[in-house]
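Student: I have a structure I would like to understand better, so I am pasting it below and will then ask my questions one at a time.
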C-alpha cells in the first residue's frame, strides 16, 4: 500500500517465500500465533535471523506474544506481490510445461493463474491441461497483449529460448521464469529467474562424492 | 585422483556447474582456448572472480595463454564427480518426473543415467519414457540395492515426500534431488538439493512488482 520498502537485500527477498510457505502450513493447521524461537526451530534458521529479516518490513512481532500467523502471512504475501493479479503463460507445452500447469500449489496456495500454454506441436495444440488450453504459438503475441500478461514461464530448448525471450519482452512480458539451460541477456527492466536444473543436479553430485570421500 | 580439495566454499561449488556449462558450449563450438577476460565477458562475472575460483583447484590458466578449454572442462567435470557413474532413479512418474527423464541434457551432456522411474499409478507402471521403464514403487527397494543407486529425484506430493525420503535413505540413497515443496530432515551424511519451484516463482513476482513500482 505505497510503503517505500525499496532497500531490502536480495538475500532477504530470497528467504521471504520460505517464510511464506511455513506460515501457510501453520495457517492450514489453525495455528494463530508463533514465537520467533518456535518458528526458527521449524525452519532451522536462528531466531535472530528471523527477527532481523522481518524487521525489514516494520517488525510484525510483539514482545512476549510472538507473531500473529495470519497477519504475518498476509503481509509477506503483499510484499511478494501475491495480493495482485499474477496471470501467467507457459511457453512450451511439453512435459515440463505441462508439469508447471499441473502444479496445483501455484494456483491454490499462491494465486497464480496460468492463462494458456503455447506450443508449435500440432499434436499438443488444442489439448487442455487442468482446464488450461494449449494454443498455437502464433497466437501468443495477441494473447499477451489482450490479457496484459506480465509473467512467462519459458520451457523451450536452449537453442530457441533466447530469441523467444526477446520477443516475449517486446510483447510486454516483464518477468521470465527461465527453465532453458542458457543465460538470457535482456533489458534491465525485465526480471529473469533461472531454474537451471542440470546445475542443481551437478551441485548435488559434487556433494555426494565429496561426502563419500571425506567419510573414507 | 585423490587430490585433497576439501575446503572449497559452497559459493564456489555453486558456480562450478555454470563454468562447466559455458566450457561445454565453447567445446561444442571447437574453441580450444579462452582468456579469463573473454570467459568473464560471456559469463558476466569479473575476470578476477574466475581466476580466484579456478585457483581453488590448482589454477588451470597459464599467463598469456589463458585456459585450455578441453582440459578445464575435463578437470571441472572430475571435480563435480561427472567422471564417475551417476546412475539415478526418479520417484514419481507424473509430468515432472517424466520431464526430468526426458531432459536430454542430463544424459547426453553430463552423463547421468536414469535407470528407472517409480510410481504407484497402475496407468503409468509399464510405460517407457525415453526408453526408461516406469516400475511399481514396491520394486524400488530391491532395485536401489541391486543397482547400487545413490541419487534419487523426488517428485512426489509434499505430504508423501518426507516419509519416502526416509525410506530412500534407509535403502542406500545418498543424494536426494527434492522437488516436493517441503524441507526434508535427513541424516547428516545425506545430501539434499532442493528445487522449490513456487519459491523461485515468488522471487520473480517480487522483483517484477518492485521494479514496476520503482519505475513510476
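Chains as they are written, first to last, in the working numbering: chain A, 1 to 216; chain B, 1001 to 1216.
Even glycine gets a Cβ: it sits at the ideal position worked out from N, Cα and C.
Because the structure is a prediction, the values reported are computed rather than measured.
1) Quick check: the Cα distance between residue 46 (chain A) and residue 166 (chain A), rounded to an integer number of angstroms?
2) Enumerate in chain order the residues of its own chain whose CB-to-CB distance from residue 94 (chain A) is below 7 Å, with the five nearest sequence positions on each side excluded.
3) With a threshold of 8 Å between beta-carbons, can residue 1016 (chain B) be considered close to chain A, or not?
4) Could you work out which residue in B:1187, B:1011, B:1073 and B:1204 is closest to residue 1049 (chain B) when comparing CA atoms only?
5) Going along the chain, which residues of its own chain have a beta-carbon closer than 8 Å to the beta-carbon of residue 195 (chain A), five neighbours each way excluded?
6) Compare the beta carbon distance of residue 1136 (chain B) and residue 1125 (chain B) with 8 Å and say whether it is the shorter of the two.
7) With 9 Å as the C-beta to C-beta threshold (strictly closer), list the residues of the segment 118-152 of chain A near chain B in chain order.
8) Considering only C-alpha positions, which residue in the set B:1188, B:1065, B:1083 and B:1157 is nearest to residue 1119 (chain B)?
9) Should residue 151 (chain A) and residue 88 (chain A) be called a contact, given that it needs their Cβ atoms to be closer than 8 Å?
10) Candidates A:98, A:81 and A:32: which alpha carbon is nearest residue 68 (chain A)'s?
11) So residue 1175 (chain B) is in the beta strand (DSSP E); what residue range does that whole segment cover?
12) Could you tell me whether the Cβ of residue 159 (chain A) comes closer than 8 Å to any Cβ of chain B?
13) Looking at residue 1191 (chain B) and residue 211 (chain A), is the spacing between their C-beta atoms short of 8 Å?
14) Counting only beta-carbon separations shorter than 8 Å, does residue 40 (chain A) have a partner in chain B?
15) Counting only runs that start and end within the segment 1043-1117 of chain B, where is the beta strand (DSSP E) found for 3 or more residues in a row?
16) Using DSSP's beta-bridge definition, name the partner residues of residue 138 (chain A).
17) Which chain B residues sit within Cβ distance under 9 Å of residue 46 (chain A)?
18) If contacts are defined as beta-carbon pairs under 8 Å, then residue 1024 (chain B) and residue 1073 (chain B) qualify, I think. What distance do you get, rounded to the angstrom?
19) Could you list which residues in chain A have their beta carbon closer than 8 Å to that of residue 1195 (chain B), in chain order?
20) How big is the Cα-Cα spacing for residue 206 (chain A) and residue 1079 (chain B)?
21) Just to confirm the assignment: which complete alpha helix (DSSP H) runs, minimum length 4, are found wholly within the segment 145-193 of chain A?
22) Of all the residues that make up the segment 72-106 of chain A, which are near chain B by a beta-carbon distance shorter than 8 Å?
23) Strictly under 8 Å for the Cβ-Cβ distance: is residue 172 (chain A) near chain B by that measure?
24) On a Cα-Cα basis, can you pick out the residue from B:1081, B:1153 and B:1082 that is closest to residue 1115 (chain B)?
25) Going by C-alpha to C-alpha distance, which of B:1108, B:1099 and B:1141 sits closest to residue 1128 (chain B)?
26) Which first and last residues belong to the alpha helix (DSSP H) in which residue 127 (chain A) is found?
27) So, at 8 Å on beta carbons, what are the nonlocal neighbours of residue 1022 (chain B) in its own chain, with the 5 sequence-adjacent residues on each side left out?
28) Buried or exposed for residue 36 (chain A), please, with buried defined as at least 16 other CB atoms from any protein chain shown within 10 angstroms of its CB.
29) Beta-carbon of residue 68 (chain A) versus every beta-carbon of chain B: anything under 8 Å?
30) Output, in chain order, the set of chain B residues within a Cβ distance shorter than 9 Å of residue 110 (chain A).
31) Should residue 64 (chain A) go down as buried or exposed, given a rule of 16 or more other Cβ atoms within 10 Å for buried?
32) Residue 29 (chain A) to residue 1096 (chain B), Cα distance in whole Å?
33) Starting from residue 14 (chain A), follow its DSSP beta bridges and name the residues at the other end.
34) With a threshold of 8 Å between beta-carbons, can residue 211 (chain A) be considered close to chain B, or not?
35) By the 10 Å Cβ neighbour count, where 16 or more other Cβ atoms means buried, how is residue 1053 (chain B) classified, buried or exposed?
36) Measure the C-alpha to C-alpha separation of residue 1008 (chain B) and residue 1188 (chain B) and round it to an integer number of angstroms.
Tutor: Reading it off the structure:
1) In the first chain, residue 46 (chain A) corresponds to position 46, counting from 1. In the first chain, residue 166 (chain A) corresponds to position 166, counting from 1. Using only the alpha carbons, I get a separation of about 42 Å.
2) Here residue 94 (chain A) corresponds to residue number 94 of the first chain, with the count starting at 1. Excluding residues within five positions, the ones whose Cβ falls inside 7 Å are 155.
3) Position 16 of the second chain holds residue 1016 (chain B). So yes, residue 1016 (chain B) belongs to the interface.
4) Locating residue 1049 (chain B) in the second chain gives position 49, where the first residue counts as 1. Out of B:1187, B:1011, B:1073 and B:1204, B:1011 has the C-alpha closest to the C-alpha of residue 1049 (chain B).
5) In the first chain, the residue the question calls residue 195 (chain A) occupies position 195. If we look at residue 195 (chain A) and ignore the five residues flanking it on each side, its Cβ neighbours are 177, 178 and 179.
6) As a position in the second chain, residue 1136 (chain B) is number 136, starting the count at 1. As a position in the second chain, residue 1125 (chain B) is number 125, starting the count at 1. Contact: yes.
7) 129, 150 and 151
8) Counted from its first residue, the second chain places residue 1119 (chain B) at position 119. Checked all of B:1188, B:1065, B:1083 and B:1157; the closest Cα to residue 1119 (chain B) is B:1157.
9) Working through the first chain from its first residue, we reach residue 151 (chain A) at position 151. Working through the first chain from its first residue, we reach residue 88 (chain A) at position 88. Result yes, Cβ atoms of residue 151 (chain A) and residue 88 (chain A) sit closer than 8 Å.
10) Within the first chain, residue 68 (chain A) is the residue found at index 68, counting from 1. When each option's Cα is compared against that of residue 68 (chain A), the closest is A:32.
11) Reading the second chain from its first residue, position 175 is the one you call residue 1175 (chain B). Its beta strand (DSSP E) spans residues 1175-1178.
12) In the first chain, counting from the first residue as 1, residue 159 (chain A) sits at position 159. Closer than 8 Å to the CB of residue 159 (chain A) there is not a single CB belonging to chain B.
13) By 1-based counting over the first chain, the position of residue 211 (chain A) is 211. By 1-based counting over the second chain, the position of residue 1191 (chain B) is 191. Yes, they are a contact pair.
14) For the purposes of this step, residue 40 (chain A) is taken as the residue at position 40 of the first chain. No, because no Cβ of chain B sits closer than 8 Å to the Cβ of residue 40 (chain A).
15) 1086-1091
16) Along the first chain, read from residue 1 onward, the residue named residue 138 (chain A) stands at position 138. Answer is none; residue 138 (chain A) lacks a bridge partner.
17) Here the question's residue 46 (chain A) lines up with position 46 in the first chain. Those within 9 Å of residue 46 (chain A) in chain B number zero; the least Cβ separation is about 16 Å.
18) Against the second chain, residue 1024 (chain B) aligns to sequence position 24. Against the second chain, residue 1073 (chain B) aligns to sequence position 73. Contact holds; Cβ gap of about 6 Å.
19) Residue 1195 (chain B) sits at position 195 when you count from the first residue of the second chain. Ordered by position in chain A, the residues that pass the 8 Å Cβ test against residue 1195 (chain B) are 195, 197 and 200.
20) Position 206 of the first chain, counted from the first residue, corresponds to residue 206 (chain A). Position 79 of the second chain, counted from the first residue, corresponds to residue 1079 (chain B). Roughly 7 Å between the two C-alpha positions.
21) The segment 145-193 of chain A contains these whole alpha helix (DSSP H) runs: 161-170.
22) 79, 80, 81, 82, 84, 86, 94, 95, 96, 98, 99, 100, 102, 103, 105 and 106
23) By one-based count along the first chain, residue 172 (chain A) stands at place 172. For residue 172 (chain A), the answer is no, since every Cβ of chain B falls outside 8 Å of its Cβ.
24) Against the second chain, residue 1115 (chain B) aligns to sequence position 115. Looking at the Cα atoms, B:1153 is the closest of the given residues.
25) Counted from its first residue, the second chain places residue 1128 (chain B) at position 128. With distances taken between Cα atoms, residue 1128 (chain B) lies closest to B:1099.
26) For the purposes of this step, residue 127 (chain A) is identified with residue 127 of the first chain, where counting begins at 1. Per DSSP, residue 127 (chain A) belongs to no alpha helix (DSSP H) and is neither H nor E.
27) Residue mapping note: residue 1022 (chain B) aligns to position 22 of the second chain, counting from 1. Taken in chain order, the residues that qualify are 1039, 1042 and 1043.
28) Position 36 of the first chain holds residue 36 (chain A). Result: buried.
29) As a first step, residue 68 (chain A) must be located in the first chain, where it is residue number 68. Closer than 8 Å: no.
30) In the first chain, residue 110 (chain A) corresponds to position 110, counting from 1. What residue 110 (chain A) touches in chain B: 1198, 1201, 1202 and 1205.
31) In the first chain, counting from the first residue as 1, residue 64 (chain A) sits at position 64. Exposed, since its Cβ has fewer than 16 Cβ neighbours within 10 Å.
32) Locating residue 29 (chain A) in the first chain gives position 29, where the first residue counts as 1. Locating residue 1096 (chain B) in the second chain gives position 96, where the first residue counts as 1. Taking the straight line from one Cα to the other gives about 28 Å.
33) The residue labelled residue 14 (chain A) in the question sits at position 14 within the first chain. Residue 14 (chain A) pairs with nothing; no bridge assigned.
34) The residue you call residue 211 (chain A) lines up with position 211 of the first chain. True, the Cβ-Cβ gap to chain B drops below 8 Å.
35) For the purposes of this step, residue 1053 (chain B) is taken as residue 53 along the second chain, with counting starting at 1. Burial state of residue 1053 (chain B) is buried, judged by a 10 Å Cβ sphere holding 16 or more other Cβ atoms.
36) Working through the second chain from its first residue, we reach residue 1008 (chain B) at position 8. Working through the second chain from its first residue, we reach residue 1188 (chain B) at position 188. Taking the straight line from one Cα to the other gives about 19 Å.
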